[in-house]
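Read the structure below first, then the notes.
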Amino acid sequence: AEVAARLDCEAVVNVQGDEPLIDPTVIDTVAGALVDSEMTTAATPVNNISDYSDPNAVKVVVSAANRALYFSRRTIPFVRDSTEESSEAQLAAFPFLKHLGIYGYRGDTLRRLVAFAPSPLEQAERLEQLRALENGIAITVCRVDYDAIGVDVPEDVARVEALLKE
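Using the working numbering, the first residue of the sequence shown is number 1, and each one after it goes up by one.
Next comes the structure, spelled out in structure tokens:
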């Protein structure tokens, strides 16, 4: 945001520090979607119970047009008519999406966004992208097939370091 304020840039892609191994094709996809969108991000299918249950694996619900409707640390949506309420049954009943720590912004959108005060939902969930949604900025979600390896807790650091040594 500070860079966008100082530079007259057309677009900014922000890869968050907790995604050190992000695939460059994900970056290209998010950047490319800025042609038709003011803000973009990426999400991948939730394929395991660990991500389904983990509040550090942020979930996103999208519209038919791939616009973000909501992001949450809780698993959303709840599949009410599933025959069981177990995590396994819920995961099998719906194609949940996990948000990845990458954002694309048009320069003018980023400058508008940083001018807004932190929003109530942003503060409740501790998710900065909710500030955009609460202030009417549409976020296009690029669906990617990517097994993200993020660094959300100290235990993740050793796992990423081991992968980097390979």
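Built from N, CA and C at the ideal position, the CB exists for glycine as well.
Reduced DSSP secondary structure (H/G/I, E/B, other) of residue i
i	result
VAL35	helix
PRO24	helix
TYR103	strand
ALA11	strand
VAL157	helix
Cutoff 7 angstroms; reference residue i; Cβ partners in own chain excluding five residues on either side
i	result
PHE197	Lying outside 1 to 166, the shown extent of the chain, residue 197 is not represented and no answer is given.
Residue burial classification, residue i (beta-carbon count within 10 angstroms, cutoff 16)
i	result
THR25	exposed
LYS59	buried
ARG106	buried
ALA42	buried
ILE137	buried
Residue from the options with nearest C-alpha to residue i
i	options	result
THR109	ILE76, GLN129, ILE27	GLN129
ASP36	ILE149, ASP156, THR140, PRO154	THR140
ILE27	ARG159, ARG80, VAL144	VAL144
Contacting residues, own chain, Cβ-Cβ under 8 angstroms from residue i (five flanking each side not counted)
i	result
GLU155	none
ALA33	THR40, GLY104, THR140, CYS142
Any alpha helix (DSSP H) of 4 or more consecutive residues that is wholly inside the region 111-144: For the region 111-144, whole alpha helix (DSSP H) runs of length 4 or above, ordered along the chain, are 120-125, 129-134.
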